[in-house]
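This report refers to the structure that appears directly beneath it.
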Amino acid sequence: MKTLILLILSPNNGAINFQNRFRDDLYKEGIFLAFLYGIIYSFNSESVVPDDKTLLIYFKLFEKIIQVCLWLLISTTLSFVIYKLGLFLKGNSYYKETFALLMYSYFPIFCYVFILNLLNHPHLYNSEFSTYYFKTLLFIISWFISLRTLLIGFKEIYNISLKKAIIVILPILIPFFSLIVFQLYLRNFYL
2 MKTLILLILS
12 PNNGAINFQN
22 RFRDDLYKEG
32 IFLAFLYGII
42 YSFNSESVVP
52 DDKTLLIYFK
62 LFEKIIQVCL
72 WLLISTTLSF
82 VIYKLGLFLK
92 GNSYYKETFA
102 LLMYSYFPIF
112 CYVFILNLLN
122 HPHLYNSEFS
132 TYYFKTLLFI
142 ISWFISLRTL
152 LIGFKEIYNI
162 SLKKAIIVIL
172 PILIPFFSLI
182 VFQLYLRNFY
192 L
């Protein structure tokens, strides 16, 4: 986890530490983080099963397991696409490193989700930290840190230029900006 902290706080030093680590250890940590993020995602999402006391808890547990598996599938697929795109741009890296770097870079975003869940607690819901603008600021900061980690990480690990690193993370940037535009649209539509 030292590598995770270094990648977030000092991406250049973190990328050097990242490259010196054994690939299988990075991959195992990446799988663990992906599983943890899937759990956080599943508890943050709304349940498809209605809250009825007659329903068994097994349905909700099964739903959470499906959501975790879906998160693992999406993250491994996205890692593979980014890996192939990096190779296409004449970068040299391994899939395990790409997957681990992607999971490490998601850490600030899932910290944001965790903080958001805390702010939605009934005791904190009416506080000044629970406003739309504060939550949006946290969202932007977490994405900025994640994208910075990805850019510098891919630049160092793939040994490519910054322009090529931006092209490599386009599969992540396009949904991100679509989400921001959609949130702004909803915010303006409902006000």
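Count along the sequence shown starting at 1, add 1, and that's the number in the numbering used here.
Each residue gets a CB set at the ideal place from its N, CA and C atoms; glycine is no exception.
Here the structure is a predicted model, which is why all the values come from computation and not from measurement.
Rounded C-alpha distance that separates residue i from residue j
i                 : j                : result
lysine 169        : asparagine 93    : In the sequence as presented, lysine is not what sits at residue 169; that position holds valine. Taking the straight line from one Cα to the other gives about 13 Å.
phenylalanine 135 : isoleucine 116   : 11 Å
leucine 27        : serine 179       : 30 Å
serine 80         : leucine 151      : 12 Å
leucine 138       : phenylalanine 63 : 34 Å
valine 182        : proline 172      : 16 Å
tyrosine 107      : leucine 119      : 19 Å
alanine 35        : tyrosine 186     : 30 Å
serine 11         : lysine 61        : 40 Å
asparagine 14     : leucine 148      : 16 Å
tyrosine 96       : proline 109      : 22 Å
isoleucine 146    : glycine 154      : 12 Å
leucine 163       : leucine 174      : 15 Å
For residue i, three-class secondary structure by DSSP
i                : result
serine 76        : helix
lysine 1         : Coverage of the chain is limited to positions 2 through 192, which leaves residue 1 absent and any answer about it impossible.
leucine 90       : coil
asparagine 33    : Correcting the residue type first, residue 33 is phenylalanine in the shown sequence and not asparagine. The answer is helix: DSSP assigns phenylalanine 33 an H, G or I state.
phenylalanine 63 : helix
phenylalanine 23 : coil
Same chain, Cβ closer than 7 Å to residue i, five either side skipped, listed in chain order
i                : result
glycine 39       : Gln68, Val69, Trp72, Leu73
lysine 85        : none
phenylalanine 23 : none
glycine 31       : Phe100, Ala101, Met104
tyrosine 113     : Leu139, Phe140, Ser143
leucine 90       : Ile161, Lys165, Ile168, Val169
leucine 7        : Asn14, Gly15, Asn18
Neighbourhood of residue i by C-beta, 6 Å cutoff - its chain only, sequence neighbours within 5 removed
i            : result
tyrosine 159 : Gly87, Gly92, Ser94
valine 82    : Pro172
Residues near residue i in its chain [Cβ-Cβ closer than 8 Å; skip 5 each side]
i        : result
lysine 3 : Asn18
(message) Quick check on the DSSP output: what are the complete alpha helix (DSSP H) runs of length 4 or more inside the region 101-183, in order along the chain?
(response) 108-120, 133-159, 163-169
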